[in-house]
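The next block holds one structure in the form of structure tokens; read it before the comments.
Take a look at the structure:
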């Protein structure tokens, strides 16, 4: 990454010191792709789809992509690109909403804690795949019960199954309600050592703890020299997983019963749309998989040059993100259809609908490939890389926040590396409870409350309100058009920022509060009351930062109520004599009417009064 003087010195927030910029334009696209095309697509999207009725989940998902993820994606990237600052300080553009900077980084911290645990699961399976026989492909192991059964063997039929132990095999009548697949037992007992509930935290699973430690060590040394090094690593970590996913997709589609799984995946059960949780999960997944409301996109955008066409990248990367999620769904549900046919049960009963779904369906698919050990190593290495990409961006976002707050202090040698080490150690310590016998129940809380759901919806609402209602949507749209060099034909993003996105998130938040249901794990385990309190404390840890700071800022402001409001809503950059875009200032080009094709601009390479063409979109 190059370090240059600001390309646009007249930008409202041109920093006093030079800031790193991407060496190549494609570095930004790859870093963003690596950051949000990850476990959210391959691990989280399929299990939420399975939990919420397959095709029924896709309807609200697609809706929220259009009115939620795309607009907020562009808003966050351009905010970083415009302010030239990371997530901690970018919201100085609307001083009363500076609490958003704290909120997004709190969410990011929570996310990195439990994301690393999922990477530890992947490493655990990766090392297990090196054995002469895949441990989840057989019964008779120390973690198996007498209900263990191996599905899909050459001698297996729908009317009988083969029970295996270390010294004998026995064909028994097929009784689906009395048997558990070897893949499921390995996950529950061999990897997690899962207890009966969160009230039984139990002991640390030492194999998982060592994998968690290794995860943090690898992560540290991948990013300790800054984003310039990370942008090189991400070329491999962002592309290899996609190739591996295609291999599993092809194999899954050739399985007997795969069509049943695909039908379940694509055919919507419209009755499920009456359940508010389906809509909440869909909105959460959109914000989760697009890395929204975590400060990541703001930080990555801050390394763009002022006139970078981030509008084009946001659209292309959004298509890529949702496309990977959609393909992952085919890969998962084709295997679930096969497993349902093998077990002679309904597809909704074939596996748990919680965070462990990917660690049941994918391993089963691997046992059906030739040389399963080889493919097992490749797949779980892929899963590890997918999560590692996101951890790169997440940790770099937190470090950028610290550096932006104290830039002079971090100029001293080894201070950045030392601060990063302390950050990683603290997150490792918080993650230890998630590798205990009851750890998966704790992780489920984090997944549903600490870094998802309520907090992300609230932050999304506040971001749109800050930019569209306080800073001014027309004013900000002019800034975006100045940066990208043209005015898009359809001002869809303006409409979303000012109306559709905040309205939809507000309605969903209120509806979810009215129809609130306590958190469950795998549909049947209901969390105790004290755990529900913990859920809300984690959610509020980020949410309260926004109104808390707003109240504080308004309280310390001087003057009457009107004067206070004027002070706390005035951009901290407006007083700069170099600012070209003040409250009443005009840009160097006039905005075309909403439905007019003409754009007048002085941006290099674009002549005044050019007619918009299809190429202007990109």
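Numbering (the working numbering), first residue to last: 2 to 619. Ideal placement from N, C-alpha and C gives every residue a C-beta, glycine not left out.
In the displayed model, residue 290 falls within a helix according to three-state DSSP. Between residue 345 and residue 78, the CB-CB gap reaches or exceeds 9 Å. Just so you know, the alpha carbons of residue 121 and residue 286 end up roughly 22 Å apart. For residue 442, the secondary structure class from DSSP, reduced to helix, strand or coil, is helix. Burial check for residue 525: the Cβ neighbour count within 10 Å stays below 16, so the residue is exposed. The C-beta distance from residue 114 to residue 432 rounds to 5 Å, short enough to fall under 8 Å. Our two residues, residue 273 and residue 57, have alpha carbons roughly 6 Å apart in a direct line. Between residue 92 and residue 292 a beta carbon distance of about 17 Å is seen, past the 8 Å cut, so the two are scored as non-contacting.
Bounds of the alpha helix (DSSP H) holding residue 106 are 100–129.
Put simply, the backbone Cα of residue 541 is about 15 Å away from that of residue 531.
A contact between stretches requires three or more CB pairs, one per stretch, nearer than 8 Å, and the stretch 23–39 fails this requirement with the stretch 446–463.
Per DSSP, the unbroken alpha helix (DSSP H) holding residue 221 starts and ends at 207–224. For the 9 Å CB-CB criterion, residue 333 and residue 47 form a contact. The DSSP-derived three-state label of residue 556 is helix.
Put simply, of 190, 389, 98 the residue whose alpha carbon is nearest the alpha carbon of residue 206 is 190.
Counting along the chain, residue 475 sits inside the alpha helix (DSSP H) bounded by residues 474–485. Here residue 140 carries a coil assignment [DSSP, helix/strand/coil]. Sorting 302, 309, 446 by C-alpha distance to the C-alpha of residue 487 places 309 at the top. Under the criterion of beta carbons closer than 8 Å, residue 301 and residue 394 qualify as touching, at roughly 7 Å. In the DSSP assignment, residue 362 falls within the alpha helix (DSSP H) that extends over 359–368. Residue 428 sits buried, since 16 or more C-beta atoms from the chains shown fall within 10 Å of its C-beta. Nearest in C-alpha terms to residue 86, of all of 303, 320, 529, is 303.
Within the DSSP bridge table, the entry for residue 437 names 205 as partners.
From the listed residues 423, 276, 444, the smallest Cα separation to residue 515 is found for 276. Here the C-alpha atom of residue 23 lies approximately 46 Å from the C-alpha atom of residue 528. Distance from the CA of residue 519 to the CA of residue 450, rounded to the nearest whole angstrom, comes to 11 Å. Here residue 396 is buried, its C-beta having at least 16 other C-beta atoms within 10 Å.
Residue 142 and residue 80 have their C-alpha atoms some 54 Å from each other. In its chain, beyond the 5 residues on either side, 374, 377, 378, 381 have a beta carbon closer than 7 Å to the beta carbon of residue 130.
For the pair residue 117 and residue 183, the CB atoms are not nearer than the 9 Å cut-off. DSSP lists no bridge partner for residue 568. When only Cα atoms are considered, residue 243 and residue 499 end up about 36 Å apart. Residue pairing from DSSP places residue 182 in a beta bridge opposite 150.
Taking a C-beta distance under 9 Å as the contact criterion, residue 385 and residue 240 do not qualify as a contact pair. In the pairwise beta carbon analysis, the stretch 474–481 is classified as touching the stretch 494–508: at least three pairs are separated by under 8 Å. Scanning its chain for C-beta atoms nearer than 8 Å, with the 5 sequence neighbours on each side dropped, one finds around residue 53 the residues 273, 276, 278, 279, 282, 283, in chain order.
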